[in-house]
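Protein chains in written order, with the working numbering: chain A, 95 to 189; chain B, 161 to 253; chain C, 11 to 131. C-beta atoms are modelled at their ideal positions from N, C-alpha and C, and glycine is treated no differently. Remarks on the structure that follows.
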Amino acid sequence: MLHILTKAPNSDAAQQMLQAVGDDDAIVLTEAGVQAALHREWAGFQLPSARIYLLAEDVTAWGLDEIVMDQALTIVDMDGFVALTEQHVQTLTWY
Amino acid sequence: MVDQTQWSEAVAELLADDEGLTLTEKHWEIIRVVRDFYHRYEMAPAMRPLVKATRNALGDEKGTSIYLMSLFPGSPPKRIARLAGLPKPTNCL
Amino acid sequence: MSEPSGLLVIIRHAPYATNLLREGLDTALVAAAFGQSVDLLFLGQGAMALLDEQGEGAPGQKATRPTLDMLEMYDIEGLWTSQETLQVLGLKPSCLMGNVRIVDAQGLPDFIATYSQVLNF
Numbered sequence: 095m096l097h098i099l100t101k102a103p104n105s106d107a108a109q110q111m112l113q114a115v116g117d118d119d120a121i122v123l124t125e126a127g128v129q130a131a132l133h134r135e136w137a138g139f140q141l142p143s144a145r146i147y148l149l150a151e152d153v154t155a156w157g158l159d160e161i162v163m164d165q166a167l168t169i170v171d172m173d174g175f176v177a178l179t180e181q182h183v184q185t186l187t188w189y
Numbered sequence: 161m162v163d164q165t166q167w168s169e170a171v172a173e174l175l176a177d178d179e180g181l182t183l184t185e186k187h188w189e190i191i192r193v194v195r196d197f198y199h200r201y202e203m204a205p206a207m208r209p210l211v212k213a214t215r216n217a218l219g220d221e222k223g224t225s226i227y228l229m230s231l232f233p234g235s236p237p238k239r240i241a242r243l244a245g246l247p248k249p250t251n252c253l
Numbered sequence: 011m012s013e014p015s016g017l018l019v020i021i022r023h024a025p026y027a028t029n030l031l032r033e034g035l036d037t038a039l040v041a042a043a044f045g046q047s048v049d050l051l052f053l054g055q056g057a058m059a060l061l062d063e064q065g066e067g068a069p070g071q072k073a074t075r076p077t078l079d080m081l082e083m084y085d086i087e088g089l090w091t092s093q094e095t096l097q098v099l100g101l102k103p104s105c106l107m108g109n110v111r112i113v114d115a116q117g118l119p120d121f122i123a124t125y126s127q128v129l130n131f
């Protein structure tokens with residue numbers, strides 16, 4: 095399952111997503127979701143095996159490029175995002 | 161129908177006549193099932209729940225889509241809702 | 011584990027706040043009307059729709075309860091919420107409609123994985 099989070103890390107949507115993320119799942123942070131870069135302590139980053147990607151376009155739009163680099167977070171561009179949705183049987187958007 | 165309170169059995173007869181359908185007691189018992197359903201759930205039933213509601217109210221023999229189709233050819237849920245003076249079922253495509 | 015099957019509709023928004031609860035229920039009803047097997051999972055604010063003692067809708071708004079009662083006529087019998095949701099909302103299971111089942115804490119990923127299709131509202 096690929097989870098897409100479009101809301102900030104302290105939102106209800108984010109909390110509900112974290113309940114639903116399984117071991118083989120990946121997460122893409124888009125729109126307000128990229129704010130998670132400001133919260134390295136966010137529970138999503140503590141998940142044992144979760145792969146978390148931040149959408150490059152939104153990181154730039156929110157002015158978080160430098161922070162994302164400093165934190166060594168993984169970004170993905172639009173093509174990479176599309177490829178991720180193709181790799182997973184199901185996509186679930188949390189908005 | 162714009163105002164559901166204006167519905168009466170005579171109105172249903174007129175609507176049916178308009179569609180070339182003559183209402184018998186067999187039709188009426190189904191129309192009553194649909195009106196009861198609407199009264200309870202505030203929505204007219206699509207085919208699947210209509211079959212189930214008919215089965216619950218009138219038994220296995222009548223609670224089949226074939227039986228309902230024979231009384232109300234075409235789309236039973238839509239036709240019955242119209243005759244019963246109810247909005248057409250929203251989840252009935 | 012058996013093959014995933016059926017549709018799970020997740021409802022996360024409260025009654026009256028937005029149209030999303032109704033849209034989720036309508037989607038479930040349409041899928042069931044076409045013969046699909048459907049369950050509903052209420053998370054977060056969505057679980058407020060499950061309170062046993064909810065009243066009628068505000069003027070001009072459809073109440074949720076009659077539609078929830080109707081689900082059974084569409085053979086939608088699985089109404090679920092999660093342990094975490096009840097904790098966050100401060101709800102006891104006894105406040106909920108009698109036919110609601112509860113997914114254990116930490117059980118959601120496995121629960122969701124049993125469905126072949128999942129839609130989020």
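In its chain, beyond the 5 residues on either side, L243 have a beta carbon closer than 6 Å to the beta carbon of A172 of chain B. When C-beta distances to chain C are compared with 8 Å, the residues of the stretch 185-200 of chain B below that value are F197, R200, in chain order. The beta carbon of P205 of chain B falls within 8 Å of a beta carbon belonging to chain C, placing the residue at that interface.
In terms of beta-carbon proximity, E94 of chain C lines the interface with chain A, with at least one pair separated by less than 8 Å. Sequence-ordered contacts of the stretch 97-123 of chain A with chain C read D106, A107, Q109, Q110, Q113, A114, V115, G116, D117, D119 [C-beta pairs closer than 8 Å]. The alpha-carbon separation between P76 of chain C and R22 of chain C amounts to approximately 19 Å.
In the three-state reduction of the DSSP assignment, Y147 of chain A falls in the strand class, which pools E and B. In the DSSP assignment, S92 of chain C is bridged to C:V113. Within the stretch 71-89 of chain C, the residues whose Cβ lies closer than 8 Å to some Cβ of chain B are K72, A73, P76, T77, D79, M80, M83, Y84, D85, listed in chain order.
Residue pairing for W188 of chain A: DSSP places it in a beta bridge opposite A:L99. Taking all protein chains shown into account, W136 of chain A has 16 or more neighbouring C-beta atoms within 10 Å of its C-beta and is therefore buried. Counting C-beta atoms within 10 angstroms of its own C-beta, T165 of chain B has fewer than 16 neighbours from the protein chains shown and is therefore classed as exposed. For N216 of chain B, the three-state secondary structure derived from DSSP is helix. Contact between the stretch 59-68 of chain C and the stretch 101-110 of chain C is present: three or more C-beta pairs spanning the two stretches fall below 8 Å.
The three-state reading of DSSP puts T168 of chain A in strand, counting E and B together.
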